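For my numbering, add 304 to where a residue sits in the sequence shown, where the first one is 1.
Just so it is clear, CB atoms sit at the ideal spot from N, CA and C, and this is done for glycine as well.
The model shown is predicted, which means the values in this text are computed figures rather than measured ones.
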Amino acid sequence: MVECLNCGERRQVPEHECPRCTYVGWASVAELNESLRQKLRDRVLASRRIRAAN
């Protein structure tokens with residue numbers, strides 16, 4: 305099971321984007337704890353985006 309890193313929506317299989325918030329970051333539920341979840345959600349969305357290397 306995976307969890308959206310933005311809103312916490314859980315799915316059996318990660319989709320391209322979260323159906324709830326359209327974010328595309330997923331992590332295994334087993335790898336997350338409440339402290340890490342809170343830190344991820346407290347970060348500004350723009351700072352979580354992957355930037356392309358030049």
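Item, Value
"Identity of the residues DSSP links to A331 by a beta bridge", "E307"
"Residue burial classification, C322 (beta-carbon count within 10 angstroms, cutoff 16)", "buried"
"Spatial neighbours of C311 in its chain, beta-carbon cut-off 6 Å, leaving aside the 5 residues before and after", "R324 and C325"
"Close-in-space but distant-in-sequence residues of the same chain around V328 (CB under 8 Å, 5 per side omitted)", "H320, E321 and C322"
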